[in-house]
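Numbering of the sequence shown is given in the working numbering, commencing with residue 23 and proceeding in unit increments. Yeah, the Cβ is synthetic: ideal placement off N, Cα and C, and Gly gets one too. Predicted model only: the values in this text are computed from it and were never measured.
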Amino acid sequence: MSYRRFGRARSLRSDRALDRYVATKLWFELGRYVATELWLELDRHVATERLLELGRYVATELWLELGRHVATERNMCSVAA
(Lines of atoms letter the chains of each structure in order from A; the text may use other names.)
(Lines give C-alpha, C1' and ligand atoms only; values in the text may rest on other atoms or scores of the structure.)
Protein backbone atom coordinates (compact mmCIF):
# COMPACT_ATOMS: atom_id res chain seq x y z
CA MET A 23 0.00 0.00 0.00
CA SER A 24 2.71 2.49 0.91
CA TYR A 25 4.57 1.54 -2.26
CA ARG A 26 1.51 2.38 -4.33
CA ARG A 27 1.15 5.69 -2.57
CA PHE A 28 4.83 6.37 -3.14
CA GLY A 29 4.41 5.46 -6.80
CA ARG A 30 1.40 7.71 -7.16
CA ALA A 31 3.09 10.57 -5.34
CA ARG A 32 6.15 10.20 -7.54
CA SER A 33 3.92 10.04 -10.60
CA LEU A 34 2.07 13.20 -9.53
CA ARG A 35 5.37 14.97 -8.88
CA SER A 36 6.61 13.82 -12.25
CA ASP A 37 3.41 15.01 -13.96
CA ARG A 38 3.64 18.39 -12.23
CA ALA A 39 7.27 18.72 -13.23
CA LEU A 40 6.36 17.81 -16.79
CA ASP A 41 3.46 20.31 -16.74
CA ARG A 42 5.79 22.99 -15.43
CA TYR A 43 8.33 22.13 -18.11
CA VAL A 44 5.74 22.18 -20.88
CA ALA A 45 4.19 25.41 -19.58
CA THR A 46 7.62 27.03 -19.27
CA LYS A 47 8.66 25.93 -22.76
CA LEU A 48 5.35 27.09 -24.16
CA TRP A 49 5.72 30.43 -22.38
CA PHE A 50 9.25 30.88 -23.71
CA GLU A 51 8.21 29.90 -27.23
CA LEU A 52 5.18 32.17 -27.10
CA GLY A 53 7.32 34.94 -25.61
CA ARG A 54 9.90 34.55 -28.34
CA TYR A 55 7.18 34.54 -30.98
CA VAL A 56 5.48 37.64 -29.58
CA ALA A 57 8.82 39.44 -29.13
CA THR A 58 9.88 38.50 -32.66
CA GLU A 59 6.59 39.64 -34.16
CA LEU A 60 6.70 42.86 -32.15
CA TRP A 61 10.29 43.47 -33.24
CA LEU A 62 9.45 42.78 -36.89
CA GLU A 63 6.46 45.11 -36.74
CA LEU A 64 8.49 47.80 -34.98
CA ASP A 65 11.34 47.33 -37.44
CA ARG A 66 8.93 47.56 -40.39
CA HIS A 67 7.45 50.72 -38.91
CA VAL A 68 10.87 52.27 -38.30
CA ALA A 69 12.07 51.26 -41.77
CA THR A 70 8.90 52.67 -43.35
CA GLU A 71 9.22 55.91 -41.42
CA ARG A 72 12.90 56.20 -42.37
CA LEU A 73 12.09 55.48 -45.99
CA LEU A 74 9.31 58.06 -46.00
CA GLU A 75 11.57 60.63 -44.36
CA LEU A 76 14.40 59.81 -46.76
CA GLY A 77 11.98 59.91 -49.68
CA ARG A 78 10.65 63.29 -48.60
CA TYR A 79 14.19 64.58 -48.13
CA VAL A 80 15.37 63.28 -51.51
CA ALA A 81 12.25 64.57 -53.26
CA THR A 82 12.61 67.99 -51.60
CA GLU A 83 16.32 68.21 -52.44
CA LEU A 84 15.66 67.07 -56.01
CA TRP A 85 12.83 69.56 -56.34
CA LEU A 86 15.00 72.37 -54.97
CA GLU A 87 17.88 71.45 -57.29
CA LEU A 88 15.54 71.17 -60.26
CA GLY A 89 13.93 74.48 -59.31
CA ARG A 90 17.35 76.14 -59.04
CA HIS A 91 18.38 74.67 -62.38
CA VAL A 92 15.19 75.84 -64.08
CA ALA A 93 15.46 79.29 -62.47
CA THR A 94 19.11 79.58 -63.51
CA GLU A 95 18.33 78.45 -67.05
CA ARG A 96 15.50 80.98 -67.30
CA ASN A 97 17.70 83.76 -65.94
CA MET A 98 20.46 82.91 -68.41
CA CYS A 99 17.95 82.89 -71.27
CA SER A 100 16.46 86.18 -70.09
CA VAL A 101 19.88 87.81 -69.84
CA ALA A 102 20.99 86.47 -73.21
CA ALA A 103 17.80 87.58 -74.96
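Item to check | Rounded separation between residue 96 and residue 63 - CA only | outcome: 48 angstroms
Checklist entry - What's the C-alpha gap between residue 86 and residue 74? => result 18 angstroms
Checklist entry - Alpha carbon to alpha carbon, how far is residue 90 from residue 83? => result 10 angstroms
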